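FYI, the numbering for the sequence shown is 0 to 182, going by numbering that gives the first Met the number 0.
By construction, the Cβ of each residue, glycine as well, lies at the ideal position given by its N, Cα and C atoms.
Every value quoted in this text rests on a predicted model; they were computed, and no experiment measured them.
Here the structure is laid out as structure tokens; the discussion comes afterwards.
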Amino acid sequence: MTTRSAELAAKLRLYRSHGITRDPDQLSTPSPGGWYYEQQVLGFNYRLTDIQAALGSSQLRRLPLFIDLRQQLAARYDALLTRLPVQPLHQRDGRSSGYHLYVVQVADRDRVFAQLREAGIGVNVHYMPIPAQPYYRGLGHDPTDYPGAQSYYRQAISLPLFPTLSQADQNKVIQALEHALCA
Numbered sequence: 000m001t002t003r004s005a006e007l008a009a010k011l012r013l014y015r016s017h018g019i020t021r022d023p024d025q026l027s028t029p030s031p032g033g034w035y036y037e038q039q040v041l042g043f044n045y046r047l048t049d050i051q052a053a054l055g056s057s058q059l060r061r062l063p064l065f066i067d068l069r070q071q072l073a074a075r076y077d078a079l080l081t082r083l084p085v086q087p088l089h090q091r092d093g094r095s096s097g098y099h100l101y102v103v104q105v106a107d108r109d110r111v112f113a114q115l116r117e118a119g120i121g122v123n124v125h126y127m128p129i130p131a132q133p134y135y136r137g138l139g140h141d142p143t144d145y146p147g148a149q150s151y152y153r154q155a156i157s158l159p160l161f162p163t164l165s166q167a168d169q170n171k172v173i174q175a176l177e178h179a180l181c182a
């Protein structure tokens with residue numbers, strides 16, 4: 000667990016195992032025997048298998064390399080995009096990003112997105128504002144109450160960025176983006 004909150008850790012342990020507990024201190028009724036358990040909340044099976052844990056552990060050792068490669072590619076995008084009418088997301092001074100995504104804002108995002116996809120470029124849109132998701136609208140959230148999020152969403156497009164992205168492939172992304180923006 001990665002929390003300092005004992006209360007949150009207990010809730011997470013409960014949810015990770017289908018909401019089931021055998022802990023006598025958490026049972027709603029006294030246990031009639033060692034076999035007894037209670038499902039107290041609707042949880043799921045969030046436990047990792049040994050194989051998933053081994054894979055995760057090996058990937059964590061490679062994480063610094065992955066982040067370094069992503070940062071190099073992002074810096075290259077920054078340099079190559081200065082001549083295009085796009086606005087990369089601003090990174091605050093003194094901060095560092097692992098660049099899970101490389102997002103730019105463009106005018107006419109839907110047209111640019113379609114042209115890039117047609118050119119075989121794996122762009123995407125990240126992320127639809129949470130208040131616009133049906134679940135949250137159902138809770139009474141109105142997306143128009145979040146004009147900044149809506150403005151971002153209308154213009155955001157994520158360019159391909161992954162540790163094995165070659166400079167040649169990155170050049171293809173830039174060329175296709177330039178063509179889409181100037182069309």
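The C-beta of Ala155 has 16 or more other C-beta atoms within 10 Å across all chains shown, which makes the residue buried. Secondary structure of Ala118 (DSSP, three-state): coil.
Assigned with DSSP and collapsed to three states, Ala9 falls in helix.
The beta carbon of Asp141 lies closer than 8 angstroms to those of Pro130 in the same chain, with the five residues before and after it left out. Sequence-distant partners of Arg153 (beyond 5 residues in either direction) whose C-beta falls short of 8 angstroms from its own C-beta, in its chain, are Arg108. Beta-bridge annotation (DSSP): Val103 is paired with Pro87, Ile156. Every candidate alpha helix (DSSP H) stretch fails here, since none sits fully inside the region 9-41 while reaching 4 residues. Approximately 6 angstroms separates the beta-carbon atoms of Val122 and Phe112; this is inside 8 angstroms, confirming the contact. Excluding five sequence positions before and after Gln149, the CB atoms of its chain that fall closer than 8 angstroms to its own CB belong to Pro128, Ala131, Pro142, Thr143, given in chain order. Annotation: Val105 to Gln51 spans about 38 angstroms, alpha carbon to alpha carbon.
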